[in-house]
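Residue numbers (this note's numbering), protein chains in the order written: chain A, 124 to 947; chain B, 714 to 942. By construction, the Cβ of each residue, glycine as well, lies at the ideal position given by its N, Cα and C atoms. Have a look at the structure below, then the notes.
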Amino acid sequence: MLAWRLLWRNWRSGEIKLLSVALALAVTVVSAIALFTDRLEGTLLEQSNSLLGADRLVTSNQPHRREWADEARRRDLAQTRVVHFASMVFAGDEMHLASVKAVAEGYPLRGYIDTSQTPFALEPELIERAQGIPAAGEVWVDSRLLPLLHIELGDTLQVGEGRLRATRVITSEPDGSGPFSVMGARILMNWADLERTRVIQPGSRVEYQWLLAGEEAQVSEFMQWLEPKLSEHEEVMDIENAQRRLQGTLLSGRRFLVLAAVMGVLLAGVAIALAARQFADRHINQVALLKSLGTSAGRIRGLYLAQLLILAALASLLGLALGALLQEVIARVVLKLYQIEMAPSGLIPIALSLLSGPLALVGFALPSLWFLPGVPPIKVLRQEMVIPRGAFVWQVILACAVLILLVGVFGRDLVLGLTVLAALAVVGSLASALALGLLATSRRAGAQAGSRWRLALASIQRRRGASVLQVVVFATAIMLLLSLTIVRTSLIEEWQVKVPDNAPNHFLLNIAPSQVEDFRALLTADSLKVEQLYPMVRGRLTHINDEPKPEDTLNREASLTWTAELAEDNQVVAGKWWGEWQRGEADLPGVSVEQEVAERLGIALGDRLSFSIGGLAAEAEVASFRTLEWESLQPNFYFIFEPGALDDYAPMYMTSVYLPAEKKRFINTLLTRYPTVVVIELDRIINQIRTIISQVSDGVGLVLAMVLLGGCLVLIAAVTGSIDARKQEAGLLRALGAPRRLMVGGIWIEFALLGGCAGVIAVMASEALLLGLQVFVFEVPVQPHYLYWLLTPAVSAVFVGVLGAISCRHAVTTPPAIVLREAQ
Amino acid sequence: MAYMLQAAQLGKTVTTAAGDLTILKDINLSVAKGESLAITGASGSGKSTLLGLLAGLDVPTTGRVELAGINLGELDEEGRARVRAEHVGFVFQSFQLLPGLTALENVMLPLELVGDAKARQRASEYLERVGLAARLGHYPPQLSGGEQQRVAIARAFACEPDILFADEPTGNLDSSTGHTINDLLFGLNEEAGTTLVLITHEERLANRCARQLQLAGGELMIASAEAIA
């Protein structure tokens, strides 16, 4: 009870306000980031799973076994089934080899099917989310099927032996890129119609998919049970292979959030430590008095500990509430802007957030306060007595330990946390040395300065230790903020570059060689930019140096092409590109292989690769390895042959094109004229990537704002730490007749100088830190930031100057008698 | 005779950069229960150091102090704190009020620390007795020097100590306010029958005590024999 009363009195007197705010801020930053990243990850997982339509997918050429389904049901997992096959569909005289997907009730378990009554609809108001699956007797179809068959919605088409009515067009579906999708337009039908249409006959080439979903732990457990029972014809798919394109963006986004969290916590930690130091300074006399009144050191320790723990608990609750509110705001914005319902957060981040308050207190505040109970009672009689504080080294070690714990537990990225800490340790020592040097220079300059400058420089020199500390603290705060801002900007720029606004958003396949010129003309006439046209044949890699290729990789047909020009986003990393490359003794044509797949297959330069192309054999020698960017959304190939090498294999051409939304209906014209051309609409995938980038960027922006707040708090804490001594001096100087203008000017100059010094150190340090981060963590190109070299010292001089002047205004504007009495 | 306070061969030496510095040397004195003793001396004569040793705030280099019959030398800091809590009250030159606490809360604080359930009531009573009934909710910076010292006196007496140590209680006050404060201090002391050890450099104030000792260069100048008697 007494601790509560003492805490309330301390709060009322303003002595713990800064400490409380800093503590609450630390918890807010930690909880907002912990909750947000948890939800973001959950959402992304759900979205990625929606690409599969399930949490796990078991594919096979036969239906899954009944006893497995029973076991899944027993374990409360949701399940449904899908079968993919290619089938010729007819309407009148027209026919098309469609990619049919028959789905059972419950499909999809994750994600949604979006449909429309308007073919080629893009406008959100025309698109509606399907409830359920097509009714028996009905099908939903790709828009492009309608012009191909010359039908409209409501017409019937022949599938196998049955007639089904096309009632809607599909605008997006989970797992849109099924195994047969490249071949033809999608038709979605009800599983119940399979029998009636007799579309699947013995020997038909079909792929059955068994979809499963549930709590991740249960699903994993079930998969562990199931996997040993699977035959070689059955394959399990999870999101790993479904979201490859997004991985880079997500990983760096997540890392940025963790980095922001580290910096946010660090800044809040510095603010907590400074506030605690200030609190300790003000309580030395109080403790001495309590001791003279007969309170034992143990009791004092208990009383202060109890107050701090209550404070930590309250700050944690407040911080958690604020953090939850903040991330809820982001989630709402995300929902409104992108129609994405974010996944709810788990309980673990909440529990961890609540723990972060007491942890931050132990790590950052306790070391500064530990000496308090040891203040000797004789201090009440000897005001001049200097009280030794605990060893600084231990304070730093404890703070680092807590920081590592917080980052390790919340960020789950210990390496990143350690990198930042190591950088900070170096920066801290360099900053101290530089600050001392700069202050020494300022002393020499002070000898020739005017009175305001002399006053300011004298004040800096008088509080030499405190001045160095302030410069280091300012520099650290500014450095962290600067680095974070620059990293954020360059990351977002980097992401935008990867998916530029006019990135090709449609792939056009299956263009006959005779159509190439006409095709190019048609596109150009509609003022559409034509990317390179690649000849393409489908082929299967069979042997490497006459040995069968490894069974676990590339068990499907790959697209093979040839070209003289290397695409912009491709880079030869080993071997030589055509022109420089010479054929070997066997006089085989050269092939350039994508580096990752080469590694997986164990291919070396000079190896002989055998392909089976439509039953014909082809051989080539490995001339080079290439890297490429899957995220660029350009046509990319594992194997590129030297020009002319595949001329004998009846190639079809492919290209990519950027179609703005308003020209979407161009596809209709195109397909009517070239019915055999296959169109892959990437625009929805691109939109999805953009959505996720925006989500991550928004989160990042908000986190940055919170970290900025932490930085300001640190600056305030550093300035107010010296207020008591300043008040007394200012009162004395004013009592001696110093004009107010001189005093205010002196304070301005003093803080502006400290801010300027800190700015110079900060910009140097942040360049060093960024170098490390960009090279080792984010892998983005390094570039110096000249503008910041000019701006940072100037802005920080003005900002710290204003902050100092505002904080100290009370000391110079209040009548000296009152100031002196208060200072007593 | 029952003594409240006894000191024998008390000495204090501190180590400085220039070598050992003896602040107090061979101090012998005793104070009877209810007696008032003034220790006078010039600035730097060691008055405050002596007060610190007598009250158990500090430990001597040599000699011993017995307070309320307890040998302080045999106790650790925790033990000395218990003795102070049970028997000792203080009035300081610089008042030592906590600036964030109201006058009432400053007086309540020591009572709350010993778990007195009627802390608020007793603190109000004592503040009324020192004439500050109308100032209970004021903070120290809002009070004059004299008023602050009255709060400090109320705080000292509210605990009903057996012995009160006063360190230059009027040192920071003008003479007229100082006079009022002295009247208050001695009046309350007489009422409560508290033993009083007063440190002062003012002869007029010292004369109000039953006995005076003078400290010069760390030694007692008035015959120690008399002091012990």
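Residue i and residue j closer than 8 Å at C-beta
i               : j               : result
D880 of chain B : F808 of chain B : no
L918 of chain B : N895 of chain B : yes
Q281 of chain A : V212 of chain A : yes
V226 of chain A : I274 of chain A : no
G949 of chain A : G713 of chain A : Because chain A here runs from 124 to 947, residue 949 of chain A falls outside it and cannot be looked at.
T294 of chain A : D237 of chain A : yes
L561 of chain A : C880 of chain A : yes
T774 of chain B : K831 of chain B : no
L690 of chain B : T913 of chain B : No answer is possible for residue 690 of chain B: it lies beyond the span of chain B, which begins at 714 and ends at 942.
A861 of chain A : A934 of chain A : no
E248 of chain A : L287 of chain A : no
Q202 of chain A : W314 of chain A : no
A598 of chain A : A888 of chain A : yes
L824 of chain B : A816 of chain B : no
V695 of chain A : L689 of chain A : yes
S239 of chain A : A308 of chain A : no
L526 of chain A : V388 of chain A : yes
Y657 of chain A : T750 of chain A : no
Short CB-CB distance (under 8 Å) between residue i and chain B
i               : result
A419 of chain A : Contrary to the premise, residue 419 of chain A reads as Ser rather than Ala in this sequence. Yes, because at least one Cβ of chain B sits closer than 8 Å to the Cβ of S419 of chain A.
K414 of chain A : yes
S143 of chain A : no
V503 of chain A : yes
L855 of chain A : no
Q506 of chain A : yes
R368 of chain A : In this prediction, R368 of chain A scores a pLDDT of 46, lower than 50, which makes its location untrustworthy; no coordinate-derived value is stated.
L125 of chain A : yes
Q409 of chain A : yes
Cutoff 8 Å: residue i Cβ touching any chain C Cβ
i               : result
A798 of chain B : Considering every chain present, this structure includes no chain C. Its protein chains are A and B.
Buried versus exposed call for residue i [16 or more other C-beta atoms within 10 Å across all chains shown]
i               : result
S888 of chain B : exposed
L470 of chain A : exposed
F630 of chain A : buried
S479 of chain A : buried
Y331 of chain A : buried
F734 of chain A : buried
P511 of chain A : exposed
A524 of chain A : exposed
M124 of chain A : exposed
R849 of chain A : buried
W263 of chain A : buried
P242 of chain A : buried
S476 of chain A : buried
P325 of chain A : exposed
Any C-beta of chain A under 8 Å from that of residue i
i               : result
V744 of chain B : no
Q862 of chain B : no
L886 of chain B : no
D875 of chain B : no
F805 of chain B : yes
V801 of chain B : yes
A794 of chain B : yes
D896 of chain B : no
D739 of chain B : no
D880 of chain B : yes
Practice item. Residues of the stretch 822–848 of chain B with a CB closer than 7 Å to any CB of chain A: list them in chain order, please. Key: P823, E825 and L826
**Study point:** Residues, ordered as in the chain, of the stretch 478–501 of chain A that lie near chain B by beta-carbon distance below 9 Å
**Key:** P499, P500 and I501
Check your understanding: Got a sec: which bits of the stretch 133–162 of chain A sit with their beta carbon under 8 Å from any beta carbon on chain B, in order along the chain?
Key -> N133, R135, S136, G137 and E138
Exercise for review: Specify whether the stretch 489–500 of chain A and the stretch 149–159 of chain A touch according to this definition: at least 3 beta carbon pairs, one from each stretch, less than 8 Å apart.
Suggested key: no
Check your understanding: Looking at C-beta atoms only, is the number of pairs between the stretch 425–433 of chain A and the stretch 869–886 of chain A that lie closer than 8 Å three or more?
Key -> no
Review point. What residues in the stretch 754–778 of chain B bring their beta carbon closer than 7 Å to a beta carbon of chain A?
Key: S761, L764, G765, L770 and D771
Practice item. Evaluate the contact criterion for the stretch 411–419 of chain A versus the stretch 794–803 of chain B: three or more CB pairs, one atom per stretch, below 8 Å. Key: yes
Review point. According to a CB-to-CB cut-off of less than 8 Å, which residues of the stretch 807–820 of chain B neighbour chain A?
Key: S807, Q809, L811, P812, G813, L814 and E818
Point to revise | Inter-stretch contact (C-beta, 8 Å, three-pair minimum) for the stretch 839–852 of chain B and the stretch 758–771 of chain B | key: no
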